[in-house]
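Heads up, the sequence shown is in the numbering used here, so the first residue is 281 and it goes up one at a time.
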Amino acid sequence: MELLIDYQWGIFVTAEVLSIVALLLFGVVRYLLNKYRLSRLFLLVFLILLGIEAVLAILIYQETGQISTFQIVITIFVIYASTFGILDFMKLDRWMRKTIGRWRGVELLTEKDLRILERNKDPKFIAKKYRWSSTVHLIVFVVAQGVFWTYGTDSIEEMLGYLTDFSWVESGTAADSPYANETVYGIGMIWGIVFAADFLYSWSYTVFPSSARK
C-alpha cells in the first residue's frame, strides 16, 4: 500500500495515457485494419483502466481515511467518462472514421453520421446543444458544491450566510470559506472559475449566433 500511496499520481497519469492510446488503437484496428472483433479488446482495456483508477482511489482512501485531491480528481474523471465522455468518444469515433476513410479512399461514415456532421454546422443547433450542456454542467456544479459545503459548514443558515456575503472569496483561505480544507477549497474555486467561463462561452452561441461559427 505504501507504494500505491507514493506513486498514486504516476499510476493515474500512466493509466490515463494508456486509456487514450487504447481508444486510438481501437479506431486504427477497427477502421484501418478492418479487425472489428479485435478492436473491441481495446475498448475493454479502456474500461479496465478506468476501473483500476476507481479501485486505486478507494484503496488509498481506506488506507489513509482521508478524502484528498487524488480521490476527488479520480471521481471527476470517472463521472466524466460515464457521462460527457461517451458523447466525446462518439465524436472521436466519427472523426477517426472520417479521417481513416479519407486515407483509404473509402466512405466509412453512415448516412446518419453525415446528417450529424451537417447538423453541427447549423448555428441554431449549436446554440441549443451548448444550452443543454451548460445546463447539465450547472446542475452538476451546484450539486457538487453543495456536497463540498455540507462538509465545511454546520447548518443551512451558515451556508446561506456564505451565499449572501462573498467576502470569504477575497480572503483566499479555506478557514474563511465554506470548504472543509485547503484541498477542497482549491478544487471548488478553480472549478468555479472554469464553470463561469464555460457557462458564458456556451451561452454566447445563443446571445451572439453566427452562421460562420463551426
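By construction, the Cβ of each residue, glycine as well, lies at the ideal position given by its N, Cα and C atoms.
Under a three-way DSSP split, which group does V416 fall into?
helix
Does any C-beta atom of chain D lie closer than 9 Å to the C-beta of L329?
Among the chains in the structure shown there is no chain D, since it carries only a single protein chain.
Rounded straight-line distance, which links the Cα of E282 to that of R377
44 Å
Where F488 falls, given that 16 or more other Cβ within 10 Å makes a residue buried:
exposed
F357 (DSSP reduced to helix, strand or coil):
helix
Among S435, V301, Q288 and T433, which residue has its Cα nearest to the Cα of I354?
Closest by C-alpha distance to I354, out of S435, V301, Q288 and T433, is Q288.
Kindly indicate which residue of E462, S413, T463 and D445 has the alpha-carbon position closest to the one of S482.
Out of E462, S413, T463 and D445, S413 has the C-alpha closest to the C-alpha of S482.
Evaluate contact between the segment 293-305 and the segment 323-336, counting only Cβ atoms and requiring at least three cross-stretch pairs below 8 Å.
yes
Excluding sequence positions up to five away, which residues of its chain have a Cβ less than 8 Å from the Cβ of R493?
Low confidence applies to R493: its pLDDT is 49, below 50, so where it sits in the model is not reliable enough to give any reading.
Does DSSP put M393 in a helix, a strand or coil?
This sequence places Asp at residue 393; Met is not what is there. Helix.
With DSSP collapsed to three states, give me the class of M281.
coil
Is the segment 354-366 touching the segment 454-466, taking contact as three or more C-beta pairs under 8 Å?
no
Identify whether A497 lies in helix, strand or coil by the three-state DSSP scheme.
Residue 497 is absent from the structure shown; the chain starts at 281 and stops at 494.
Between which two residues does the alpha helix (DSSP H) holding E387 run?
Here E387 belongs to no alpha helix (DSSP H), and DSSP marks it neither H nor E.
Comparing alpha-carbon positions, which option in A337, E450, T363 and G385 lies nearest Y311?
G385
When you compare only the Cα positions, how much space is there between Q351 and E391?
42 Å
Can you check whether the CB of L321 is closer than 9 Å to the CB of S299?
9 Å or more divides the Cβ of S299 from the Cβ of L321.
Pull up the distance between the alpha-carbon of A334 and that of I285, whole angstroms please.
14 Å
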